[in-house]
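Chemist: So in the numbering used here, spot 23 of the sequence shown is number 23, and the numbers just go up one at a time.
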Amino acid sequence: MDYFALKLIHQSAVTLSISGFVARGAASLAGAAWVRGRLARTLPHLIDTVLLASAVALAWALRLNPLSTPWLGAKILGLLAYIGLGMVALKPTRPPALRAAAWVAALLAFAQIVATAITKSALGLLAF
Numbered sequence: 001m002d003y004f005a006l007k008l009i010h011q012s013a014v015t016l017s018i019s020g021f022v023a024r025g026a027a028s029l030a031g032a033a034w035v036r037g038r039l040a041r042t043l044p045h046l047i048d049t050v051l052l053a054s055a056v057a058l059a060w061a062l063r064l065n066p067l068s069t070p071w072l073g074a075k076i077l078g079l080l081a082y083i084g085l086g087m088v089a090l091k092p093t094r095p096p097a098l099r100a101a102a103w104v105a106a107l108l109a110f111a112q113i114v115a116t117a118i119t120k121s122a123l124g125l126l127a128f
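1) Nearest-angstrom Cα distance between A105 and Y3?
2) For L108 versus G25, is the C-beta distance shorter than 8 Å?
3) Helix, strand or coil for L123? Go by DSSP, reduced to three states.
4) Using the beta-carbon count (16 or more within 10 Å), is R201 buried or exposed?
5) Ignoring anything shorter than 4 residues or poking outside the segment 36 to 112, list the alpha helix (DSSP H) runs there in chain order.
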């Protein structure tokens, strides 16, 4: 597959993933029942699988190694933070204040990941 097609798939999956996370997080904090439904629980995994597969394919196509490419390593660390914070934010058994704080922190982690991708700097948001 051509680089630009992979990049478009990756960017589209990023957009769908964050849109879904924002919607699920806000709805979960508001107590909406739909966030516990089957579609809301499975669709994000499908989107994130496409996102991860396209990320690996892009790194492979560009011959990028996260151990020798600081900005890519920073994106991976940011992703791990985003996943962990997102898990706390969407866990209904956690206290609402903790979930809200984790949701905001996850959104900041996402912004850091995007800034890192745009600037190709491990500093991400601090590089602007």
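Heads up, the beta-carbon is just placed ideally off N, CA and C, and yes, glycines get one too.
Modeler: Considering the structure as presented:
1) As a first step, residue 105 is located in the sequence shown; it is residue number 105 there, counting from the start. As a first step, residue 3 is located in the sequence shown; it is residue number 3 there, counting from the start. Answer to the nearest angstrom: the Cα atoms are 32 Å apart.
2) The residue you call residue 108 lines up with position 108 of the sequence shown. The residue you call residue 25 lines up with position 25 of the sequence shown. It is not a contact, given that the beta carbons lie outside the stated cut-off.
3) Walking along the sequence shown from the start, residue 123 turns up at place 123. Correct three-state label for L123: coil.
4) Residue numbering for the chain in the displayed model covers 1 to 128; residue 201 lies beyond these limits and cannot be assessed.
5) 38 to 61, 70 to 90
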